[in-house]
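See below for the structure under consideration.
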Amino acid sequence: MPIKTILVVGARPNFMKAAPLFLEMRRLPSFFEPVLLHTGQHYDYEMSKVFFEDLDLPEPHYFLGVGSGTHAEQTGKIMIAFERVIQDENPDLVVVFGDVNSTLACSVTAKKLSIPVAHVEAGLRSFDMTMPEEINRKVTDTISDILFTPSQDGNENLLREGIERNKIHLVGNIMIDSLITILERINSSDEDKVFEKFNLGRNNFVLVTLHRPSNVDDRTNLGNLMYFLNRLSLTIPVIFPVHPRTRKNINGLNTNYTFNGNFKIVEPLRYKEFITLEKYPRFVVTDSGGIQEETTYLNIPCLTLRPNTERPITITEGTNELVAYENIEQKIGLILAGNRKQGKLPELWDGKTAQRIVNTLKEWSFKS
Ligand code: UD1
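Per the numbering used here, residue 174 is the first one in the sequence shown, and the count goes up by one each step.
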């Protein structure tokens, strides 16, 4: 009997992590029966549906439609709805991805119903318990039966926390599987269309994404950042695809200046368009987790506006640097003067992570 596996996605960063594994499992119907479940944590077309299209994911078998809310509301709604699905489906395994509220909600729900849980992207730690994602990561890792880590630091963190060694499997970074697939599909005429659409030139713009509460929920911080980016765009064009959380907060700012035409504040981009842009900026400014990794793969300098990162390999081996608002101008000056950080590709960022996960799960099923 194939292993009936529910793969849980909820928010934008989950989609590119789940797609390679779902598609790999679907290629092996005698071993796996993958069931795709979308909690609906992200529900806007630009935040969800277009990603399914770009990643070749089918309509999910289940869409829980939970939407937004406080953390407790969102988590609670997902748990209640997911419990019913598990009772109906009685899966052999639930796979959760990353660190969003859907990851926590579904891992806890499955485990309490004695369904084995596998966590993809286990072991990452920012050691900052003010981040909701850190809480989600720690709870999920503590209760998971199979932990798939993207890099050696993940294994070390888990062992330090007392997780049994035989549960931990270093498989590499699954998001890079999706990145490699989409890069192969983007041809130069697709690229030209994107650059025409936004009226930008390759290697002559800055790509910005910001959505973390610490940067965008505080009016002073967001106001300072917007003022700074507007000023930067007088030197080099800046494109800023804006997450809905950030959009709401920008709309609430009372700016006493107008944004100049080279500061392009646009809607969230589809995966293919975003990756096209991400191939060619002079540098990226971000507070996202995934973008720190993608820029390391693409060898693009990345300035991460956070005091910490759960992805230290992007700093020790890649092109990422942590910056504070106070020193970002100086860092940017260095990059524009040609003094940029070089990196190398971390081990197992090779596009074969989904295959390694599937092989491990086959072995696991024989044993259990
Ligand atoms: C979530 C994840 C975060 C991840 C981010 C990527 C958690 C705790 N956080 O944060 O780790 O980096 O996704 O995008 O799970 N909204 C919309 N449309 C949508 C989705 C959200 O308008 O499709 C609005 C919501 O109404 C809310 C805000 O955006 O006001 C935040 O959404 P939410 O899902 O709570 O968290 P994110 O900030 O997106």
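Glycine included, each C-beta is placed from N, C-alpha and C at the ideal position.
Residue i beta carbon near the ligand ADP (any heavy atom closer than 7 Å)
i, result
"K421", "Absent from the structure shown: the ligand ADP. Ligands present: the ligand UD1."
Residue i: CB within 7 Å of a non-hydrogen atom of the ligand UD1
i, result
"Q151", "No information on residue 151 is available, as it lies outside the stretch 174 to 541 that the chain covers here."
"G462", "yes"
"H416", "yes"
"A254", "no"
"S541", "no"
"S203", "no"
"G186", "The amino acid occupying residue 186 in the given sequence is Pro; Gly does not appear at that position. Because some heavy atom of the ligand UD1 lies under 7 Å away, the Cβ of P186 counts as near it: yes."
"M174", "no"
"V239", "no"
"D217", "yes"
"M220", "yes"
Three-state class that DSSP yields for residue i in the structure shown
i, result
"N388", "helix"
"A291", "strand"
"T487", "helix"
"I412", "strand"
"L534", "helix"
"T561", "With the chain covering 174 to 541 only, the question about residue 561 has no answer from this structure."
"F195", "helix"
"K421", "helix"
"L518", "coil"
"V496", "coil"
"F447", "helix"
"Y235", "strand"
Span separating the alpha-carbon of residue i from that of residue j
i, j, result
"T248", "K285", "15 Å"
"V531", "I486", "24 Å"
"I505", "T492", "14 Å"
"S406", "K421", "22 Å"
"T468", "S275", "26 Å"
"Y400", "P454", "20 Å"
"E294", "P480", "21 Å"
"R338", "T322", "12 Å"
"G543", "L297", "There is no way to answer for residue 543, as the model of the chain reaches only from 174 to 541."
"F188", "G213", "12 Å"
Selection from the options that minimises the alpha carbon distance to residue i
i, options, result
"R443", "K514, G425, V367, N433", "V367"
"I473", "D272, E440, E490, E219", "E490"
"L173", "Y216, L320, G238, L352", "No answer is possible for residue 173: it lies beyond the span of the chain, which begins at 174 and ends at 541."
"I464", "I259, G434, P414", "P414"
"Q515", "G242, L476, N500, F371", "L476"
"E499", "A192, A291, L398, D272", "L398"
"L521", "F300, P231, R333, D350", "D350"
"V267", "L426, R404, H211, I423", "H211"
"T282", "E262, E256, N187", "E256"
Evaluate contact between the stretch 445-461 and the stretch 382-396, counting only Cβ atoms and requiring at least three cross-stretch pairs below 8 Å.
yes
For the stretch 183-203 against the stretch 515-528, are there 3 or more C-beta pairs whose distance is under 8 Å?
yes
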